[in-house]
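Undergrad:
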Amino acid sequence: MKYFVYLIISKNNQKPLSYVGYTNNLKKRLEEHNTSKGAKFTRGRKWIIAYSVIYNSKSKAMREEYKLKKNYKLRNKIKSNFYK
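Using our numbering, the letters of the sequence shown map in sequence onto residues 226 to 309.
(1) Please confirm whether lysine 283 and tyrosine 228 have their CB atoms less than 8 Å apart.
(2) Checking 8 Å against the spacing of the C-beta atoms, do serine 305 and tryptophan 272 come in under that value?
(3) Hey, would you say arginine 288 sits closer than 8 Å to leucine 232, going by beta carbons?
(4) Within a Cβ cutoff of 8 Å, which residues of the same chain sit near isoleucine 274, ignoring the five residues on either side of it in sequence?
(5) In or out: tyrosine 276 buried (at least 16 other Cβ within 10 Å) or exposed?
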């Protein structure tokens, strides 16, 4: 089974917000975030996918998700590249 690590962003505020997660169905997960059924942090905002990577195992995806969540420099670079 394929797993995705993703970074979504929302620019409702002046400073773009980002959220990192993993899933096996990226389209469904984004829909959940946008209909306020996803993570509590994502409720009430419009989200778009800025970054995603596919992995062949859940454990690898979970490790990479953790790394991306902690790597604020990379997250900010992705956000700035997305809003050029």
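Note that beta-carbon positions come from the ideal geometry of N, C-alpha and C, so glycine has one too.
The model shown is predicted, which means the values in this text are computed figures rather than measured ones.
TA: According to the structure shown:
(1) Cβ distance < 8 Å, so lysine 283 and tyrosine 228 count as in contact.
(2) No, these two residues do not count as a Cβ contact at 8 Å.
(3) Taking C-beta atoms as the reference points, arginine 288 and leucine 232 fail to come closer than 8 Å.
(4) Shown here for isoleucine 274: same chain residues with a beta carbon closer than 8 Å to its own, the five before and five after excluded, namely Tyr231, Leu232, Ile233, Leu251 and Leu255 in chain order.
(5) Buried, because 16 or more other Cβ atoms sit within 10 Å of the Cβ of tyrosine 276.
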